[in-house]
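Colleague:
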Amino acid sequence: MELFRNSETEIEKKTLGPSLEIKIKKNKLFNTLRKKGYRITKQRQIIINTLLENSCYSCKEVYYKATAIDHSIGIATVYRMIRILDDIGIINNQQMFKLDCKKDSNEAEKLVVGLDDGTCRALTMEESTQILYAGLVASGYFGHQIAWVEINNKKFLIDEALKDG
1 MELFRNSETE IEKKTLGPSL EIKIKKNKLF NTLRKKGYRI TKQRQIIINT LLENSCYSCK
61 EVYYKATAID HSIGIATVYR MIRILDDIGI INNQQMFKLD CKKDSNEAEK LVVGLDDGTC
121 RALTMEESTQ ILYAGLVASG YFGHQIAWVE INNKKFLIDE ALKDG
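With the numbering used here applied, the sequence shown covers 1 to 165.
#1: By a C-beta neighbour count over all protein chains shown, 10 Å radius and 16 as the cutoff for buried, is Y63 buried or exposed?
#2: What residue from M125, R80, T129, G89 has the CA that sits closest to G114's CA?
#3: Going by alpha carbons, who is nearest to G89 out of H71, V78, V112?
#4: Round the Cβ separation of Y38 and I84 to the nearest angstrom and send it over; I've been treating them as touching at under 8 angstroms.
#5: Give the C-beta separation of K42 and N54 to the nearest angstrom, bearing in mind that I take them to be a contact with Cβ-Cβ under 8 angstroms.
#6: So the alpha helix (DSSP H) R39 belongs to, where does it begin and stop?
#7: With DSSP collapsed to three states, give me the class of A138.
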C-alpha cells in the first residue's frame, strides 16, 4: 500500500524496471509506426529492440548487433529503418541512434547522410542547403546563378547570406 502514496513517477521507477520500461517504449513506438502506415516485421522488431537495448553510434553497429540475432537482416534494411525512425522524429540526434519516443514529429526537417564507413549524419535543412550550395559553387556554378534547389518536390531557397559568405 505504501507505493500508492508516492508520486506517479516514483511508482514507475520502483515498479517498472529497465525491461518493462523498454517494453512500454517499444509498444509506443510500434503504435506510432502502425499509425504512420508501417508494418511491424520481425526484422524491424529486432532493429528496434537493438536500438532500445544498446547504445549504437552508427548504422553499421546497429547492423552487426541485429545480425547477431537474425542473419537475414541486410544493411539496407537497417538504413531504411533508421531513415523511417528519423523521418517520424523518433531518433534523438544528441545521442546518435538513441530512440526518443517523446519527440514531436513536427520537428524541423532533416537530411540523413549515410557514409560508406557505416556512420550516419543527420543534417538540418539549413546545413544541407549550405553544403549543397558550396558543392554547386565548387562544381562551376557561380553563386549568383543559384536561386533555389528542389528536393522531393520541396523547393528550398538559397539564402542571400550563403551567397555572400
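Here a beta-carbon is modelled for each residue, glycine too, at the ideal position from N, C-alpha and C.
Modeller: Put simply:
#1: Locating residue 63 in the sequence shown gives position 63, counting from the first residue. Y63 is buried by the Cβ-count criterion.
#2: Taking the first residue of the sequence shown as position 1, residue 114 is located at position 114. Minimum Cα distance to G114 is reached at R80.
#3: Counted from its first residue, the sequence shown places residue 89 at position 89. When only C-alpha atoms are compared, the closest one is V112.
#4: To locate residue 38, count along the sequence shown from 1; it is residue 38. To locate residue 84, count along the sequence shown from 1; it is residue 84. The Cβ separation is near 6 angstroms, so the contact holds.
#5: Counting from 1 along the sequence shown, the entry for residue 42 is found at position 42. Counting from 1 along the sequence shown, the entry for residue 54 is found at position 54. Not confirmed; about 18 angstroms, so no contact.
#6: As a position in the sequence shown, residue 39 is number 39, starting the count at 1. From DSSP, R39 is part of no alpha helix (DSSP H); its letter is neither H nor E.
#7: If you number the sequence shown from 1, residue 138 lands on position 138. Helix.
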